[in-house]
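In this note's numbering, the protein residues as written are 3 to 118. The C-beta atom is built at its ideal place from N, Cα and C for all residues, glycine as well. Everything below concerns the one structure shown next.
This is the structure:
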């Protein structure tokens, strides 16, 4: 049974989880790619193009679920593509440092799914 949004007497015991890994390539509805640069307990930082410039932006778990999906795009290709876009259109220092760190360390290993 779904929780009534107007019911303030119940408590949610399960906090929304963040199911992304560092280095994961995501795509939005406009088919723009982004890479997860940092991951916290409740939010993730993406390197993406925003307002024509490559930036590091913060997104909550809810925003990630609503706006982004997993992209079938190779990690190495996404990094080089974003670095090229940064050279052409501009890149913030935070985004550049995050991409350079990911180039140096590689992407975080992902666990294989147990069920289809």
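Beta bridge counterpart(s) of residue i as assigned by DSSP
i          : result
residue 29 : 35 and 71
residue 45 : 62
residue 50 : 57
residue 40 : 47
Chain-order list of residues whose beta-carbon lies under 8 Å from that of residue i (same chain, five-residue window excluded)
i          : result
residue 75 : 27, 29 and 35
Own chain residues within Cβ distance below 7 Å of residue i, not counting five before or after
i           : result
residue 71  : 28 and 29
residue 105 : 81
residue 114 : With a pLDDT of 49 at residue 114, under the threshold of 50, the modelled position of that residue is not reliable, and the figure given next carries that caveat. No residues qualify anywhere along the chain.
Distance between beta carbons of residue j and residue i, contact taken as under 8 Å
i          : j           : result
residue 25 : residue 108 : 7 Å
residue 67 : residue 41  : Rounded, the Cβ-Cβ distance is 14 Å, inconsistent with contact.
For residue i, the first and last residue of its enclosing alpha helix (DSSP H)
i          : result
residue 94 : Unbroken run through residue 94: none, as it is neither H nor E.
Cβ-based neighbour list, residue i, same chain, cut-off 6 Å, excluding 5 preceding and 5 following
i          : result
residue 44 : none
Quiz item: So does the stretch 93–101 actually touch the stretch 46–57, counting three or more Cβ pairs closer than 8 Å?
Solution: yes
Exercise. May I ask you to verify whether the stretch 82–92 touches the stretch 38–48, counting CB pairs closer than 8 Å and requiring at least 3?
Key: no
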